[in-house]
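Only one structure is covered here, and it is reproduced in the block below.
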Amino acid sequence: MRTLPEVPLLDHAALSEFLARRFGGASEKLSDLPHPQELKDARKGAERLARAIRSNERIAVVGDYDVDGVTSTAIVKRFFNLIGYPLETAIPNRFTDGYGVSPGILERIDADVVFTVDNGINAFAAADACRARGIDLIITDHHTPSDTLPDAYAIINPKQRDCSYPYKEICGAQVAWLFMGLLKQELELSVDMRQFFPFLALAVIADVMPLVGFNRSIVKTGLEMMQRSPLPPFVMIRDYLNRSAITSEDIAFQVAPRINSAGRLEDAKIALDFLLAETTEKAFEQFELLSALNTLRKETEAQTTEEAMLRVSPDDRVIVVAGEHWNEGVVGIVASRLVSRFQKPAIVLSIHNGIAKGSGRSIGNVDLYALIKSQEELLDKFGGHKMAAGLSMPGERVEQFRRDINKVAEGVDPNDFIPHTDIVGELEHHMINFELLELLERFEPYGEGNPRPRFLLRDAEVVNVKLFGSDQSHSRLELRPSKTHPKTIELVAFRQVLECPDSRTMSCSYTVNKNEWNGRVSLQLMLERVF
């Protein structure tokens, strides 16, 4: 039996005080946002683009196929549309081009100046190809650089050495937006850069940036602007969500997966066309395509997860599974599903033409990047960070990789495998009311760095469990929190098939959310984890 975490009993005042402490007095005034020129090379890059525009040179941008990359591309394309200058856009296809700017992508571009958004910090071959062709390459990125940088005209990345920009945890779209703000100054043009806040909110949330300080302010303002924006993509998002106010969780769980599905399964240009739509008809058409792809993504993910479950070696401390022709676009999601199911780090690989490529996700304090790095002699490429990584290797090495990484994992402290619970406390049953919901709404937006509070429910009586959904993959639980209190509460568990335990008691963590349906507002308790 799992040991329940020791957490305090909270009332509304104590919860409010706890949530306020998360922000630690960090500045959230957008007027205090540091000047873009504090980004190393940003002035140099902006001067080069301004010179290209004045000289009528050809300019192209290369984005990425995830939400951040597509949104970054949409921001700069809309900016260039506003100033009336042509910009060629290119987003790699995950399956035919691979990640980021590459010599292959450059062969399809006819430009004098190329700049990247949300990629390029490791584009050594592309930088060499640009130099050979006389193209000035400007890299804007936010991913962690290696010790050596590409030989580019300018590199704009807050994480590079000697960059004085104080905020390092910003996404690619934010870097691109700051860069466009500096270009606006160089051109001495009047463009209201606040109009891009809804796009920034979308990218910051989808790329799981910490929602504190300026990130929090940008997202909060961006979501408010999204609620009233006349731009067709945001009109479509509002119509789809049909809520009185758009939340960060709406974006994270409803909108971002749809935009991501294009790059995961087909081509990110479908998502870019949605964000650039100039009519509601076009936005509707593209959103329908994205929704269909997202449905297909869910089906592909479910099938791959089912197959992957059967290949798990139960005694391994790190799960490593591989399958012929699994879709590369869903292996990261499948890895997350395996982590959730088995409470272990998981690496899922797809084998195509003898090459195994995939993604890994970690748990607790296990440094997955370090574990993968310990096997770098077996790998063609790898990258990432402590909690998530990507890698590739010859298919015949997968089994040796599985054995060897697990040998190294035997030396990891068992306590590091314990997942973070982040439970803030227990609530008395009568405290779960609309007053609590209003309190929680004051501290939105929730996300990375400011997670929605999780509460502990201890030894509740299980009155009933029902499955629902077209595939019966979700659970609805009726629980009685206290033997002395006859009233029951309902918890919903999405993507969890639960059964009534033999003991007819349950301890779990949950969140309190607002549910809007047909104009009615109610409390919805979402089950997070069963202990």
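So the number in our numbering is just where the residue sits in the sequence shown, counting from 1, plus 50.
Glycine included, each C-beta is placed from N, C-alpha and C at the ideal position.
Keep in mind the model is a prediction, meaning the values are calculated, not measured.
Rounded to whole angstroms, what's the CA-CA distance from residue i to residue j? Just pull it up for me.
{"i": "E491", "j": "E427", "result": "50 angstroms"}
{"i": "V448", "j": "V398", "result": "10 angstroms"}
{"i": "R40", "j": "L429", "result": "Residue 40 lies beyond the range of the chain shown here (51 to 581); nothing can be said about it."}
{"i": "P495", "j": "L517", "result": "30 angstroms"}
{"i": "W36", "j": "I413", "result": "Since the first residue of the chain shown is 51 and the last is 581, residue 36 is not available in this structure."}
{"i": "E67", "j": "F484", "result": "18 angstroms"}
{"i": "S553", "j": "E56", "result": "22 angstroms"}
{"i": "P280", "j": "A406", "result": "45 angstroms"}
{"i": "V167", "j": "K218", "result": "16 angstroms"}
{"i": "N344", "j": "P307", "result": "7 angstroms"}
{"i": "N265", "j": "G404", "result": "42 angstroms"}
{"i": "A318", "j": "L489", "result": "39 angstroms"}
{"i": "D463", "j": "E498", "result": "26 angstroms"}
{"i": "L232", "j": "K94", "result": "10 angstroms"}
{"i": "E356", "j": "R411", "result": "17 angstroms"}
{"i": "S196", "j": "D186", "result": "21 angstroms"}
{"i": "E540", "j": "R391", "result": "23 angstroms"}
{"i": "G263", "j": "P501", "result": "14 angstroms"}
{"i": "A372", "j": "A358", "result": "7 angstroms"}
Could you tell me if residue i is buried or exposed, where buried requires 16 or more neighbouring beta carbons within 10 angstroms of its beta carbon?
{"i": "V474", "result": "buried"}
{"i": "R347", "result": "buried"}
{"i": "D239", "result": "The residue asked about is misnamed: residue 239 is Leu in this sequence, not Asp. The residue in question, L239, is exposed, as its Cβ has fewer than 16 Cβ neighbours within 10 Å."}
{"i": "D521", "result": "exposed"}
{"i": "R453", "result": "exposed"}
{"i": "R158", "result": "exposed"}
{"i": "K234", "result": "buried"}
{"i": "W227", "result": "buried"}
{"i": "K431", "result": "exposed"}
{"i": "C558", "result": "buried"}
{"i": "F337", "result": "buried"}
{"i": "M51", "result": "Interpretation of M51 is limited by its pLDDT of 48, a score under 50 that renders its predicted location unreliable; the figure taken from the coordinates is listed afterwards. Exposed."}
{"i": "D323", "result": "buried"}
{"i": "E316", "result": "buried"}
{"i": "A177", "result": "buried"}
{"i": "N207", "result": "buried"}
{"i": "V117", "result": "buried"}
{"i": "K79", "result": "exposed"}
Can you tell me whether DSSP reads residue i as helix, strand or coil?
{"i": "I473", "result": "strand"}
{"i": "K319", "result": "helix"}
{"i": "R411", "result": "strand"}
{"i": "R387", "result": "helix"}
{"i": "G113", "result": "coil"}
{"i": "G222", "result": "helix"}
{"i": "M443", "result": "strand"}
{"i": "M51", "result": "Because the pLDDT at M51 is just 48, under 50, the model does not fix this residue reliably, and the point stays unresolved."}
{"i": "I309", "result": "helix"}
{"i": "A202", "result": "coil"}
{"i": "A295", "result": "coil"}
{"i": "G74", "result": "coil"}
{"i": "A96", "result": "helix"}
{"i": "L156", "result": "helix"}
{"i": "N265", "result": "helix"}
{"i": "S81", "result": "helix"}
{"i": "D91", "result": "coil"}
{"i": "E3", "result": "Here the chain comprises residues numbered 51 to 581, so residue 3 is not present and cannot be evaluated."}
With respect to the beta strand (DSSP E) encompassing residue i, which residues constitute its N-terminal and C-terminal limits?
{"i": "C558", "result": "T555 to W567"}
{"i": "L520", "result": "The question names Leu, but residue 520 in the sequence shown is Ser. Note, S520: premise wrong, no beta strand (DSSP E); not H, not E."}
{"i": "F165", "result": "V163 to T166"}
{"i": "G433", "result": "K431 to G434"}
{"i": "V371", "result": "I369 to E374"}
{"i": "A327", "result": "Neither: A327 is in no beta strand (DSSP E) and is coded neither H nor E."}
{"i": "T139", "result": "E138 to A140"}
Name the DSSP beta bridge partners of residue i, please?
{"i": "G574", "result": "Looking at the sequence provided, one finds Gln at residue 574 rather than Gly. DSSP, once it has assigned bridges, lists N563 as partnering Q574."}
{"i": "H402", "result": "I405"}
{"i": "A510", "result": "M556"}
{"i": "V542", "result": "R526 and M576"}
{"i": "I301", "result": "Beta-bridge pairing links I301 to no other residue."}
{"i": "D186", "result": "V163"}
{"i": "R504", "result": "I473"}
{"i": "A438", "result": "R411"}
{"i": "A396", "result": "I369 and R411"}
{"i": "L60", "result": "L477"}
{"i": "G497", "result": "N500"}
In the DSSP assignment, find the alpha helix (DSSP H) that holds residue i and state where it starts and stops.
{"i": "D289", "result": "P282 to L291"}
{"i": "I255", "result": "F247 to A256"}
{"i": "A420", "result": "L418 to K423"}
{"i": "L489", "result": "F484 to R492"}
{"i": "D454", "result": "V448 to A459"}
Mind checking whether the beta-carbon of residue i lies closer than 6 angstroms to any heavy atom of the ligand SAH?
{"i": "F264", "result": "The ligand SAH is not part of this structure, which contains no ligands at all."}
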